[in-house]
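Numbers in the numbering used here are just positions in the sequence shown, counted from 1, shifted up by 74. Glycine included, every Cβ here is placed at the ideal spot set by N, Cα and C. First up is the structure itself, then whatever we jot down about it.
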Amino acid sequence: MRLILVPTPIGNLEDITLRALRVLKEAEVVACEDTRRTGLLLKHFGISKPMVRLDQHTVANAKRLLEGYELVAYATDAGTPGISDPGAELVALAIKEGWALEVLPGPTALIPALVASGLPTARFAFEGFLPQKRAERRERLEQVAARTVVLYEAPHRLRETLQDLLQLYGPEHPVAIARELSKLHEEIWRGRLGDALEYFKEPRGEFVLVLGPKEQAPAARGQGTQELLEQLKAQGLKGKELVSALIEAGVPRNLAYELAHKPDVPKP
Ligand code: SAM
75 MRLILVPTPI GNLEDITLRA LRVLKEAEVV ACEDTRRTGL LLKHFGISKP
125 MVRLDQHTVA NAKRLLEGYE LVAYATDAGT PGISDPGAEL VALAIKEGWA
175 LEVLPGPTAL IPALVASGLP TARFAFEGFL PQKRAERRER LEQVAARTVV
225 LYEAPHRLRE TLQDLLQLYG PEHPVAIARE LSKLHEEIWR GRLGDALEYF
275 KEPRGEFVLV LGPKEQAPAA RGQGTQELLE QLKAQGLKGK ELVSALIEAG
325 VPRNLAYELA HKPDVPKP
């Protein structure tokens, strides 16, 4: 079987590529996350095709659902399949089954948000949706904060995420928030984290957050962790305070706990 992943517009329908339209016309079947949504898109472009629903619940059955087809196009609700949607699972299955896989380049929310942010683009970390648990969210961000970070967020969780970010990065930290990209009410808000909560009081629409790189912490700049530990202890820090200071300085959380609770070895 030949499976072609087809990116679809995240807003303006003119964002569809000529190649995407040709593939949708040539495919025997269009597999998609939501048949109603993709059906409307096909209708807009005058394409009539059988459709098969492959969403997060049914993608595991893709082999059975697509049996007998030679050429399948796959589209998710919007953007590039495989980026924070069920497309990734379908790709894994295609590789496992030895299907011929093609991925068309096309619309995705993260790239326009990153570029429009005005923040460094040479190196960045895309984290998609953060985990729901606060401790896991924090840990995930701590791992990548030295780079520009791109996040997806649902409107009802935006304020809570901004509060977490504020704690981790501080109020002065630069952030860009892209809302409703490629749509009529597209907005790129650039500012400081401390002002973002004030601005997005009742968030509506779709959001991508882009955070500037956190200034490299001493540990990350090459100062030995042991040296840092000794310096902080000499300043009288211990217990929880010491753990927080180590984490703040870029030491991974587990290591910070271990170091802070390790008994001092008396010097000979
Ligand atoms: N596969 C998609 C892509 O390539 O971007 C992402 C799918 S993910 C399920 C949906 C998330 O992408 C939204 O919650 C939002 O964070 C982001 N997103 C999608 N369209 C957007 C838009 N027009 N403006 C801003 N963010 C958007």
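Practice task
Pick out the complete alpha helix (DSSP H) segments inside the segment 77-109, 4 residues or longer, and give them in chain order.
Solution key: With a minimum length of 4 residues, the continuous alpha helix (DSSP H) runs that stay inside the segment 77-109 are 92-100.
Problem - Under 8 Å between C-beta atoms of Glu227 and Phe274 - result: In terms of Cβ geometry, Glu227 and Phe274 do not form a close pair [threshold 8 Å].
Exercise for the section: Could you check the C-alpha separation between Trp173 and Arg138 for me, to the nearest Å? Expected result: If I take the Cα positions, the gap works out to 14 Å.
Practice task
Taking only runs that begin and end inside the segment 109-170, name each unbroken alpha helix (DSSP H) of 4 or more residues, in chain order.
Solution key: As far as the segment 109-170 is concerned, its whole alpha helix (DSSP H) runs of at least 4 residues are 109-118, 136-139.
Handout entry: C-beta contact flag for Pro160 and Val177 at 8 Å
Key = With contacts defined as CB atoms closer than 8 Å, Pro160 and Val177 fail to qualify as a contacting pair.
Problem - Segment limits, beta strand (DSSP E) that includes Arg211 - result: Run containing Arg211: none in the beta strand (DSSP E); it sits in the alpha helix (DSSP H), 208-218.
Exercise for the section: For Val282, verify whether its CB is less than 7 Å away from any heavy atom of the ligand SAM. Expected result: Under cutoff, so the answer is yes.
Practice task
Go ahead and pull the three-state DSSP assignment for Ala183.
Solution key: In the structure shown, the three-state DSSP call for Ala183 is coil.
Exercise for the section: Assign Ser191 to buried or exposed, taking buried as 16 or more other Cβ atoms, counted over all protein chains shown, within 10 Å of its Cβ. Expected result: Residue environment for Ser191: buried (at least 16 other C-beta atoms within 10 angstroms of its C-beta).
Handout entry: Backbone CA spacing between Ile78 and Val165 [nearest angstrom]
Key = Rounded to the nearest angstrom, the two C-alpha atoms are 10 Å apart.
Handout entry: Assigned secondary structure, Arg233 (DSSP; H/G/I helix, E/B strand, else coil)
Key = The DSSP-derived three-state label of Arg233 is helix.
Handout entry: Leu303 versus Lys288: straight-line alpha-carbon distance, rounded
Key = Rounded to the nearest angstrom, the two C-alpha atoms are 21 Å apart.
Exercise for the section: Rank Ile251, Gly286, Arg266, Gly268 by C-alpha distance to the C-alpha of Arg278 and give the top, closest one. Expected result: When each option's Cα is compared against that of Arg278, the closest is Ile251.
Problem - Nearest to Val103 (by Cα), restricted to the options Gly180, Pro83, Arg76 - result: For the residues Gly180, Pro83, Arg76, the minimum Cα distance to Val103 belongs to Arg76.
Practice task
Inspect the CB distances between the segment 250-266 and the segment 207-223 and report whether three or more fall short of 8 Å.
Solution key: Taking one beta carbon from each stretch, the segment 250-266 and the segment 207-223 have fewer than 3 pairs nearer than 8 Å; the two do not touch.
Problem - Per DSSP, the bridge partner or partners of Leu225 - result: For Leu225, which the question treats as bridged, DSSP gives the partners Gly202, Leu283.
Handout entry: Reference Leu333, options Leu87, Leu316, Glu322, closest by Cα
Key = Among Leu87, Leu316, Glu322, the Cα nearest to that of Leu333 is on Leu316.
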